[in-house]
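Structure first, then comments.
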Amino acid sequence: MAQTSVRVRTVQDACVAVGWTGHRTLTVDRPEQAGGMGLGFNGGELLLLAIGGCYCNDIFREAAKRGIVIKSVQVDVQADWGGEPVRAQHVTYSTRIEAEASEADIRALIEQTDRVAEIPNSLRLGTPVMLAEAQAISVEK
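In this text, residue positions in the sequence shown follow the working numbering: the first is 1107, and each later residue adds one.
Below, the structure is given as structure tokens:
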């Protein structure tokens, strides 16, 4: 089983954070109306980006297995937020694929990728998320 990890740390004296893995970084923040600075993606946007990004990447992987050359991929992901506790609900995505293949072969590729895409499947199958460790450190004001 492969393992992936990321790190997230706030920028000094700010509510903005930077997430990274390896040499790649991403800014994480809240919208200004929610107390953030509006400088980066919020958690909900990152969740939807993970779905769309995974599907996009997996289209190329699955196309290569079939000998299909992809010219462009578009993925749009939407979710409603609600419930108690608040969580993503009614998550849907749409895709548009241009490829050097018949429409039937492209549709088969779209359906196969939907079946095997790791992030959508992780959500569909209800992967547990657990807090493994927590440190509470009091500092003087």
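Using N, Cα and C, we set each Cβ at its ideal position, and we do this for glycine too.
In this text, all values refer to a predicted model and were calculated from it rather than measured experimentally.
Endpoints, beta strand (DSSP E) assigned at residue i
i: Thr1219; result: It is not in any beta strand (DSSP E) - Thr1219 instead sits in the alpha helix (DSSP H) that spans Glu1209 to Val1222.
i: Lys1171; result: Run containing Lys1171: none in the beta strand (DSSP E); it sits in the alpha helix (DSSP H), Gly1149 to Arg1172.
i: Ser1178; result: Val1175 to Gly1188
i: Arg1136; result: Neither: Arg1136 is in no beta strand (DSSP E) and is coded neither H nor E.
i: Ile1203; result: Arg1193 to Glu1206
i: Val1114; result: Arg1113 to Thr1116
Close Cβ partners of residue i (< 7 Å) along its chain, the five nearest in sequence each way excluded
i: Arg1202; result: Gln1180
i: Gly1188; result: Gln1195
i: Tyr1199; result: Ile1157, Gly1158, Tyr1161, Val1181, Asp1182 and Val1183
Which listed residue (the options) has its alpha carbon closest to that of residue i
i: Cys1160; options: Thr1233, Asp1220, Ala1238 and Gly1232; result: Asp1220
i: Ala1108; options: Ile1243, Val1134, Pro1234 and Glu1224; result: Glu1224
DSSP beta-bridge partners of residue i
i: Asp1123; result: Inspection of the sequence shows that residue 1123 is occupied by Ala rather than by Asp. Paired residue(s): Thr1116 and Val1134.
Nonlocal neighbours in the same chain, by C-beta distance under 8 Å from residue i, ignoring five residues either side
i: Glu1168; result: Leu1215, Gln1218, Thr1219 and Val1222
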